[in-house]
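Accompanying notes for the structure given below.
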Amino acid sequence: MLNALAQDTHLDSYVLAEHHRPLHCECLPAVVYAIRRSYPLTFRYVLVRQDDRVEDKKVYPYYLKESNQRWYLLAYEGDVLKTFGVDRIRDLHVVESETFKRHETVDVQTYFKDCYGIWNQPSIPVEEVELKYDALDGKFLKSCPLHHSQQILVDDKDEFRITVRLRITNDFVMELLSRSRSLEVIRPQHLRERIRQVYEEALKRNNSRTHKNTIMKTIAICWFKKPFVAALFLCSGVLCAQKQHRYVLAVETTSQVQLDKKKSPADKSKTKRPKKSVAYYEINFCQTADP
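Residue numbers for the sequence shown follow the numbering used here, beginning at 3 and rising by one.
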């Protein structure tokens with residue numbers, strides 16, 4: 003809000019607002035003006051989940067709500083209370099020629115009571131979630147609770163454990179991932195599995211190469227060279243490098259591969275290979291001198 007109103011209030015002369023901010027929020031002052039005076043709003047709305055399709059809207063604005071550095075307009079479209087991302091609103095106009103009567107019975111606090119952020123989806127059940135963090139993350143979660151339902155179960159030098167009761171929406175999952183350094187989901191199991199899958203997919207996307215393919219490619223290239231010993235060094239926490247080979251992180255154990263183009267196919271089948279059970283993240287092949 004400070005970012006949106008700075009040009010009118012001159013707060014930027016003594017208040018430093020966040021530089022990381024959403025675009026297209028210049029209409030916030032006009033939205034506040036319309037809410038205060040019960041004026042309808044018309045605008046074009048970008049549906050980002052529908053390939054940026056644009057729809058024309060006429061709504062009756064009730065509230066502005068902040069969530070994750072974004073602003074959302076709560077407004078009636080017809081008889082339904084809906085949420086609109088302010089950064090997706092285009093060509094907004096305040097209809098000052100007419101007013102509407104606000105429904106004073108709207109309980110917006112109850113509407114969002116079981117939600118995290120802006121996503122209220124009644125089809126998702128309300129569940130109790132138990133989470134475990136280390137003591138350092140616990141300090142931040144005590145000063146800024148994850149949710150208003152947060153209850154502290156354990157708070158000592160070894161761990162910080164809490165429960166929250168809410169709907170497990172995508173907004174909530176993304177918030178858990180933002181403090182995943184020490185996060186452990188205790189229950190429910192389906193949330194624990196969901197977080198695990200996110201980690202696994204992220205590891206695959208951010209891994210520069212598939213280890214198994216790297217090994218086989220290196221062996222295939224070296225097979226037709228002079229006889230040599232290709233050593234797979236897996237030394238815990240050691241960063242190994244060899245000229246004309248990639249830098250790699252080696253971990254845990256040591257194994258060796260003996261390759262010789264003069265051997266028969268039968269002999270090659272008996273060639274000593276690294277065990278498939280070896281756990282590692284990166285590898286390094288080093289070529290030695292001829293024996």
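Here a beta-carbon is modelled for each residue, glycine too, at the ideal position from N, C-alpha and C.
Counting the other CB atoms within 10 Å of its CB gives V88 a total of 16 or more, which places it among the buried residues. Remark: fewer than three beta-carbon pairs, one from each stretch, lie closer than 8 Å, so the region 91-111 and the region 163-171 are not flagged as touching.
Annotation: Y113 is outside any beta strand (DSSP E); the continuous alpha helix (DSSP H) that includes it extends over V110 to Y113. Rounded to whole angstroms, I197 and E177 show a C-alpha spacing of 11 Å. Listed in chain order, the non-local C-beta contacts of I154 below 7 Å within the same chain comprise I164, local neighbours out to five positions each way being set aside.
For the region 19-51, the continuous beta strand (DSSP E) assignments of 3+ residues that do not extend past its boundaries occur at 43-49, in sequence order. Nearest neighbour of F114 by Cα position, chosen from L133, K134 and Y65, turns out to be Y65. In this structure, R183 and D139 form a Cβ contact; the two beta carbons are roughly 7 Å apart against a cut-off of 8 Å.
Here R104 carries a coil assignment [DSSP, helix/strand/coil]. The Cβ atoms of R46 and R92 sit closer than 8 Å to each other. Cα atoms of V200 and D173: separation of roughly 14 Å, rounded to the nearest angstrom. Beta-carbon to beta-carbon, L30 and V131 are separated by about 33 Å, too far to satisfy the 8 Å threshold. 8 Å or more divides the Cβ of P24 from the Cβ of F102. Rounded to the nearest angstrom, the gap between the Cα atoms of A32 and P63 is 11 Å. Residue environment for L75: buried (at least 16 other C-beta atoms within 10 angstroms of its C-beta). With fewer than 16 neighbouring CB atoms inside 10 Å of its own CB, Y16 falls in the exposed class. In this structure, I170 sits near I126, with a CB-CB distance shorter than 8 Å.
The beta-bridge partner set that DSSP reports for R55 consists of L49. Just measuring C-alpha positions, the residue of P190, E57 and T85 sitting nearest V128 is P190.
Cβ neighbours of A36 within its own chain (closer than 6 Å, five residues either side excluded): L43, P63 and V96. One Cα belongs to Q71, the other to G119, and the distance between them is close to 11 Å.
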